Amino acid sequence: MNGGDEIAAGGAAAPSVLVCAGCGLEVPAQRLACPRCRRLIHGAALSALAKEADAAAAAGDQASALASWRRALALLPPDSQQHVQITAKIETLGRVVEGGAGASPARAADRGKRGGPIAGLGVLGAALWKFKFLAVLVLTKAKFLLLGFTKIGTVLSALAMFGVYWTLWGWRFALGFVVSIYVHEMGHVAALRRYGIAATAPMFIPGLGAFVRLKQNPANAREDARIALAGPLWGLGAAVAAWIVGWCARSDLWMALAHAGALLNLFNLVPLWTLDGGRAFRSLDRRQRWMLCAVFATVTLLAGQHLIILLLMAGVFRALSPDAAEKSDRGAFWLFVIVTVALAVVAQSSASIAGTP
34 MNGGDEIAAG
44 GAAAPSVLVC
54 AGCGLEVPAQ
64 RLACPRCRRL
74 IHGAALSALA
84 KEADAAAAAG
94 DQASALASWR
104 RALALLPPDS
114 QQHVQITAKI
124 ETLGRVVEGG
134 AGASPARAAD
144 RGKRGGPIAG
154 LGVLGAALWK
164 FKFLAVLVLT
174 KAKFLLLGFT
184 KIGTVLSALA
194 MFGVYWTLWG
204 WRFALGFVVS
214 IYVHEMGHVA
224 ALRRYGIAAT
234 APMFIPGLGA
244 FVRLKQNPAN
254 AREDARIALA
264 GPLWGLGAAV
274 AAWIVGWCAR
284 SDLWMALAHA
294 GALLNLFNLV
304 PLWTLDGGRA
314 FRSLDRRQRW
324 MLCAVFATVT
334 LLAGQHLIIL
344 LLMAGVFRAL
354 SPDAAEKSDR
364 GAFWLFVIVT
374 VALAVVAQSS
384 ASIAGTP
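Per our numbering, the sequence shown starts with residue 34, numbered consecutively.
See below:
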């Protein structure tokens, strides 16, 4: 849900009643346009946010520019021309974010048109380069990864989940599994930040998982797909890290964590409901959905991961449904393929090494 309560450029709460600058009518602050003269109620705040966005874009801070434009969007009537214009700005800046920090709007749009496996590998490669993966990831992104634990709700809910799993599997495995879930959720948080979308810190639900509550909606299915796939991508990183530690230390515990983390993220790729895979599927056209089903079937045969049968069944259901996108999203498609195959490989290899059934 779009957060329309914070309307001042600095994020201060709005008064309950505002005065229309056009006709002087007192209007409830939640109204976006004057019912008498149709003038925008939050014109001053919109101007301030536009200046913030332009300044941030000029400085190369696309995430802050996106955040300002999204706050402005929440203050505009959906049927207004300004709403259409700012939505277009958000979509353009979103493609710039996907193309990299130094990409121009034209270059980012060109990348989006070309797509293909290079686009998916580009997204994955950009993530791996940005994070320096594994050891360098821990060194350079430790502060960000610890950000969620500055929130008391995250800490308490994580401790509750840790306690539940401790009773089932022991504290070592429980701790590693909770961390794996946390890394997955922080992947979503990182993607949301890139797109300038406000969201809460991760919250855990013992026995079920975790979630991040969005305060604003993605502008389109393309953004939502990348935000959704960022969770399994970061989860893949955590699973690979556990696999490497397990291999080097000859530790069945770490291999079991790699296996569990890979399966957890594979389950999140099931293309149903509000799972990450379900959200990513919304940006795929019918042909891409059937191609992804073929990938699921191939991985099931080659890797022997029975969980992917669930992805296949759900994928066929979604491929037959009428909600397929009109335009293809090659970047999301190839990222979905790459993350699925990589997770299946980690799950199969870690199970073989650790003797996990």
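Here a beta-carbon is modelled for each residue, glycine too, at the ideal position from N, C-alpha and C. Just so it is clear, the structure is predicted and the values come from calculations on it, not from any experiment.
Round the Cβ separation of residue 383 and residue 279 to the nearest angstrom and send it over; I've been treating them as touching at under 8 angstroms.
Numbered from 1 along the sequence shown, position 350 holds the residue referred to as residue 383. Numbered from 1 along the sequence shown, position 246 holds the residue referred to as residue 279. About 7 angstroms; that satisfies the 8 angstroms criterion.
For the stretch 73-93 and the stretch 189-209, state whether three or more C-beta atom pairs, one from each stretch, are separated by less than 8 angstroms.
By the criterion of at least three beta-carbon pairs nearer than 8 angstroms, the stretch 73-93 is not in contact with the stretch 189-209.
Measure the alpha-carbon distance for residue 112 versus residue 118 and round it to whole angstroms.
As a working mapping, residue 112 is identified with position 79 in the sequence shown. As a working mapping, residue 118 is identified with position 85 in the sequence shown. Taking C-alpha positions only, residue 112 is separated from residue 118 by approximately 11 angstroms.
In chain order, what residues of the same chain lie with their CB nearer than 7 angstroms to the CB of residue 197, ignoring the 5 residues before and after it?
Here residue 197 refers to the residue found at position 164 of the sequence shown. Here the set comprises 239, 240.
Among all the DSSP beta bridges, which residues are the ones paired with residue 449?
Given a span of 34 to 390 for the chain in the structure shown, any question on residue 449 remains unanswerable.
Whole-Å CB distance - residue 316 paired with residue 358, under 8 angstroms assumed
Residue numbering aside, residue 316 sits at position 283 when the sequence shown is read from its first letter. Residue numbering aside, residue 358 sits at position 325 when the sequence shown is read from its first letter. With a Cβ gap of about 5 angstroms, residue 316 and residue 358 count as contacting.
According to DSSP, is residue 303 helix, strand or coil?
Counted from its first residue, the sequence shown places residue 303 at position 270. Note: residue 303 maps to coil in three-state DSSP.
Determine, using beta-carbon pairs with one atom in the stretch 350-364 and one in the stretch 276-296, whether at least three such pairs fall under 8 angstroms.
These segments do not touch.
Taking the continuous beta strand (DSSP E) assigned at residue 59, which residues delimit it?
In the sequence shown, counting from the first residue as 1, residue 59 sits at position 26. Element bounds for residue 59: 59-61.
Which residue marks the beginning of the beta strand (DSSP E) containing residue 51, and which one marks its end?
Numbered from 1 along the sequence shown, position 18 holds the residue referred to as residue 51. Taken as a continuous stretch (DSSP letters only), the beta strand (DSSP E) holding residue 51 covers 50-52.
Closest to residue 318 by C-alpha separation, out of 349, 341, 187, 71, would be which residue?
As a first step, residue 318 is located in the sequence shown; it is residue number 285 there, counting from the start. Looking at the Cα atoms, 349 is the closest of the given residues.
Just the Cα atoms here: how many angstroms apart are residue 322 and residue 75?
Along the sequence shown, one-based indexing puts residue 322 at 289. Along the sequence shown, one-based indexing puts residue 75 at 42. Roughly 42 angstroms between the two C-alpha positions.
Which two residues bound the contiguous alpha helix (DSSP H) that contains residue 258?
Position 225 of the sequence shown holds residue 258. Here the alpha helix (DSSP H) through residue 258 covers 254-282.
Between the CA atoms of residue 335 and residue 107 - distance to the nearest angstrom
On the sequence shown, residue 107 is found 74 positions in, with the first residue counted as 1. On the sequence shown, residue 335 is found 302 positions in, with the first residue counted as 1. Answer to the nearest angstrom: the Cα atoms are 48 angstroms apart.
With DSSP run on the structure shown, which of helix, strand or coil describes residue 384?
Within the sequence shown, numbered from 1, the residue matching residue 384 stands at position 351. The answer is helix: DSSP assigns residue 384 an H, G or I state.
Residue burial classification, residue 290 (beta-carbon count within 10 angstroms, cutoff 16)
Translated into the one-based positions of the sequence shown, residue 290 becomes position 257. The Cβ neighbour count for residue 290, taken over all protein chains shown within 10 Å, is at least 16; the residue is labelled buried.
Starting from the Cα of residue 114, find the closest Cα among 73, 332, 233 and give me that residue.
In the sequence shown, residue 114 corresponds to position 81, counting from 1. Of the candidates 73, 332, 233, the residue whose Cα lies closest to the Cα of residue 114 is 73.
CA-CA distance, residue 351 and residue 91?
Numbered from 1 along the sequence shown, position 318 holds the residue referred to as residue 351. Numbered from 1 along the sequence shown, position 58 holds the residue referred to as residue 91. In a straight line, the C-alpha of residue 351 is about 42 angstroms away from that of residue 91.
Around the Cβ of residue 68, are there at least 16 other Cβ atoms within 10 angstroms (buried) or fewer (exposed)?
The residue labelled residue 68 in the question sits at position 35 within the sequence shown. Counting Cβ neighbours within 10 Å, residue 68 comes out exposed, since fewer than 16 surround it.
For residue 337, I'd like the list of residues in its chain whose CB is within less than 8 angstroms of its CB, leaving aside the five on either flank, ordered along the chain.
As a working note, residue 337 is residue 304 in the sequence shown. Hits under 8 angstroms: 381.
Measuring alpha carbon to alpha carbon, tell me which residue in 269, 225, 270 is nearest residue 248.
Along the sequence shown, read from residue 1 onward, the residue named residue 248 stands at position 215. With respect to the C-alpha of residue 248, the residue from 269, 225, 270 having the closest C-alpha is 225.
Nearest candidate by alpha-carbon position, reference residue 273, set 77, 57, 377, 50:
The residue you call residue 273 lines up with position 240 of the sequence shown. For the options 77, 57, 377, 50, the alpha carbon positioned closest to that of residue 273 is the one of 377.
Go ahead and pull the three-state DSSP assignment for residue 73.
Here residue 73 corresponds to residue number 40 of the sequence shown, with the count starting at 1. In the displayed model, residue 73 falls within a strand according to three-state DSSP.
So, residue 127 versus residue 99, is the Cβ gap smaller than 8 angstroms?
In the sequence shown, the residue the question calls residue 127 occupies position 94. In the sequence shown, the residue the question calls residue 99 occupies position 66. Less than 8 angstroms separates the beta-carbon of residue 127 from that of residue 99.
Taking only three categories from DSSP, how would you classify residue 92?
Indexing the sequence shown from 1 puts residue 92 at position 59. In the three-state scheme derived from DSSP, where H, G and I count as helix and E and B as strand, residue 92 is classed as coil.
For residue 64 and residue 325, the rounded distance between their alpha carbons:
On the sequence shown, position 292 is the one that residue 325 refers to. On the sequence shown, position 31 is the one that residue 64 refers to. So the two alpha carbons sit approximately 44 angstroms from each other.
Which of helix, strand or coil DSSP assigns to residue 193
Walking along the sequence shown from the start, residue 193 turns up at place 160. Helix.
Return helix, strand or coil for residue 392, following the three-state DSSP convention.
Missing from the structure shown is residue 392; the chain here goes from 34 to 390 and no further.
Quick one: Cα of residue 211 to Cα of residue 243, how far?
Along the sequence shown, read from residue 1 onward, the residue named residue 211 stands at position 178. Along the sequence shown, read from residue 1 onward, the residue named residue 243 stands at position 210. Roughly 10 angstroms separates the two Cα atoms.
For residue 223 and residue 104, the rounded distance between their alpha carbons:
On the sequence shown, residue 104 is found 71 positions in, with the first residue counted as 1. On the sequence shown, residue 223 is found 190 positions in, with the first residue counted as 1. Near 19 angstroms, if we compare the C-alpha coordinates of residue 223 and residue 104.
Can residue 196 be considered in contact with the ligand MN, in the sense that its beta carbon sits closer than 7 angstroms to one or more heavy atoms?
Summarising the ligand content, the structure contains no ligands, and the ligand MN is consequently not present.
Exposed or buried, which one is residue 306 when buried takes at least 16 other CB atoms within 10 Å?
Your numbering for residue 306 matches position 273 in the sequence shown. Exposed: under 16 other Cβ atoms inside 10 Å.
Who pairs with residue 334 in a beta bridge, going by DSSP?
As a working note, residue 334 is residue 301 in the sequence shown. DSSP, once it has assigned bridges, lists no residue as partnering residue 334.
Does the Cβ-Cβ distance between residue 234 and residue 181 come in under 8 angstroms?
Position 201 of the sequence shown, counted from the start, is the residue given in the question as residue 234. Position 148 of the sequence shown, counted from the start, is the residue given in the question as residue 181. With respect to the 8 angstroms criterion, residue 234 and residue 181 are classified as neighbours on the basis of their beta carbons.
What are the boundary residues of the alpha helix (DSSP H) that residue 309 is part of?
Locating residue 309 in the sequence shown gives position 276, where the first residue counts as 1. Note, residue 309: alpha helix (DSSP H), 309-314.
Measure from the alpha carbon of residue 95 to the alpha carbon of each residue in 269, 283, 256, 229, then state which is nearest.
Counted from its first residue, the sequence shown places residue 95 at position 62. With distances taken between Cα atoms, residue 95 lies closest to 229.
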